[in-house]
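These notes are about the structure you will find just below.
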Amino acid sequence: MDPTHFVHINTGSPEPIYRQLIEQVKRRVAAGQLKAGDEIPSVRELAQALAVHPMTISKAYSLLESDGVLERRRGLSMVVAAQHQKAQPTADRVELLRPTLEKAAAEARQLELSKAQALQLFKTILDESAP
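Numbered per the working numbering, the sequence shown finishes at 147, counting up by one with no gaps.
This is how it looks when you write it as structure tokens:
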């Protein structure tokens, strides 16, 4: 897997880089983009690609392993854990998105945007990133 396209970090985000990495990997596994047995970039490769300290990547991978998302193989690359054969049900994936949307809704209210304005912006953003 190409480490430059594995995850995207936002260095300006208040969320720590290791947490961004964890959440993106969990979402990709939940969506079925990463399946059981898929190899992930090594700590060194990903740290170089993202220009971050290897310990940041190592911490994220260790936490993903303890959560049962990744499996460590002695002397080989880490892989997505065996129980992740297919995408999670839609309802479970919706729940993964909920915290982000709750935060966005709170910010829209603070900015006194109407529901229509917030929804239109969300639709525009979805359309911009559509393949």
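Yeah, the Cβ is synthetic: ideal placement off N, Cα and C, and Gly gets one too.
Treat the numbers as computed from the prediction; the structure is a model and nothing was measured.
Less than 8 Å between the C-beta atoms of residue 76 and residue 34, yes or no?
Within the sequence shown, the letter at position 60 stands for residue 76. Within the sequence shown, the letter at position 18 stands for residue 34. Result yes, Cβ atoms of residue 76 and residue 34 sit closer than 8 Å.
Is DSSP giving residue 85 helix, strand or coil here?
Here residue 85 refers to the residue found at position 69 of the sequence shown. In the structure shown, residue 85 sits in coil (DSSP, three-state: anything other than H, G, I, E or B).
What are the residues that DSSP puts in a beta bridge with residue 96?
The sequence position of residue 96 within the sequence shown is 80, counting from 1. BP columns for residue 96 point to 86.
By alpha-carbon positions, which one of 109, 81, 115 ends up nearest to residue 96?
Indexing the sequence shown from 1 puts residue 96 at position 80. Nearest C-alpha to residue 96: 81.
Look at the alpha carbon of residue 139 and the alpha carbon of residue 70, and state the distance between them as a whole number of angstroms.
To locate residue 139, count along the sequence shown from 1; it is residue 123. To locate residue 70, count along the sequence shown from 1; it is residue 54. The alpha-carbon atoms of residue 139 and residue 70 are separated by roughly 37 Å.
Quick one: using the 10 Å Cβ neighbour count with 16 as the cut-off for buried, is residue 57 buried or exposed?
Here the question's residue 57 lines up with position 41 in the sequence shown. The residue in question, residue 57, is buried, as its Cβ has 16 or more Cβ neighbours within 10 Å.
What's the call for residue 106, buried or exposed, on a 16-neighbour Cβ count within 10 Å?
Locating residue 106 in the sequence shown gives position 90, counting from the first residue. Exposed, by the Cβ-count rule.
Reducing DSSP to helix, strand and coil, say where residue 55 ends up.
As a first step, residue 55 is located in the sequence shown; it is residue number 39 there, counting from the start. If DSSP states are grouped into helix, strand and coil, residue 55 belongs with the strands.
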